[in-house]
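Student: Every number in our numbering is 703 more than the matching position in the sequence shown, counting from 1. Cβ atoms here follow ideal geometry from the backbone N, Cα and C, with glycine treated the same way.
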Amino acid sequence: MSNASFPFLRLVVMAKAPLPGYAKTRLIPALGEQGAASLAEKLLQQTLQEAVMAELGPVELHVAPDCDHPFWQAFALPDGVTFYNQSQGNLGQRLWRAANTHHHIASQGLFLLGTDCPGLTAERLREAAVALTSADAVIHPAKDGGYTLLGLKQVHFRLFEDISWSTEVVARQTLERLQECGMSCRRLEILNDIDEPDDLQFLPRDCAPSQVED
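1) What are the partner residues of residue 818, as DSSP defines its beta bridges?
2) Could you compute how far the alpha carbon of residue 749 sits from the alpha carbon of residue 810?
3) Residue 754 and residue 714 - do their beta-carbons sit closer together than 8 Å?
4) Out of curiosity, what's the CA-to-CA distance linking residue 761 and residue 906?
5) Taking residue 766 as the reference, give the member of 827, 721, 860, 858 with the closest Cα.
6) Starting from residue 844, trace the beta strand (DSSP E) in both directions and tell me its first and last residue.
7) For a minimum of 3 consecutive residues, which ranges assigned as the beta strand (DSSP E) are wholly contained in the segment 709-734?
8) With a cut-off of 8 Å on the beta carbons, I'd call residue 795 and residue 866 a contact; round off their distance for me.
9) Could you have a look at residue 786 and say whether DSSP puts it in helix, strand or coil?
10) For residue 785, is the classification buried or exposed, using 16 other Cβ atoms within 10 angstroms of its Cβ as the cut-off for buried?
11) Looking only at DSSP bridge pairs, what is residue 853 linked to?
12) Using the Cα positions of residue 881 and residue 834, report the straight-line distance between them to the nearest angstrom.
13) So, for residue 846: in the same chain, excluding its five sequence neighbours on each side, which residues have a beta-carbon less than 8 Å away from its beta-carbon?
14) Does DSSP put residue 834 in a helix, a strand or coil?
15) When the Cα atoms are used, what is the spatial distance from residue 814 to residue 719?
16) In angstroms, rounded to a whole number, what distance separates the CA positions of residue 849 and residue 777?
Right, here's the structure in full:
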């Protein structure tokens, strides 16, 4: 399928710097601080690679800490990816502001995604883009009750308001907000985030942890 078959989208990736003790802290009991950080960096690199390979539009990496942090200064940003600082506030406020930074006009919508889901491949991103052509929104729910991808043709603050972030009801509450906003939504395949030690079984071999501590 040619690129012309897909809508032109902004891909907004939200990421923490993969630093020991800062990223993937729930995996520290299984991997140790350095092991968890190393896995976080692999997932970050894979997410950016798949986002670029999808060829849907500009890829924006919204980071914390900000772009001046030594890690980001040394990070080899893939071609086609641009750095932006995350704003302050809770996750909903940060997502809202990232979604509303109109760096690229004339896009036909946007995808919001994190770096926790190795199953969010370029192929799935393209499939989600096609689904978005026949709905106002698309969502890839996560097995833990969150979501791995939210695609939107329109952005409303209500979609990110009063959400119980980092709980098992995030996807359900988001679907309720979409309904409140009168937006149709296509629910796509449930995917696995890598957040807890039990999730490590869902890692592809090329993302296997490089360090494990008992």
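Tutor: Walking through what the data contain:
1) DSSP output for residue 818 lists no bridge partner at all.
2) 24 Å
3) yes
4) 27 Å
5) 721
6) 840-844
7) 713-719
8) 5 Å
9) strand
10) exposed
11) 815, 842
12) 16 Å
13) 893, 894, 895, 896
14) helix
15) 18 Å
16) 31 Å
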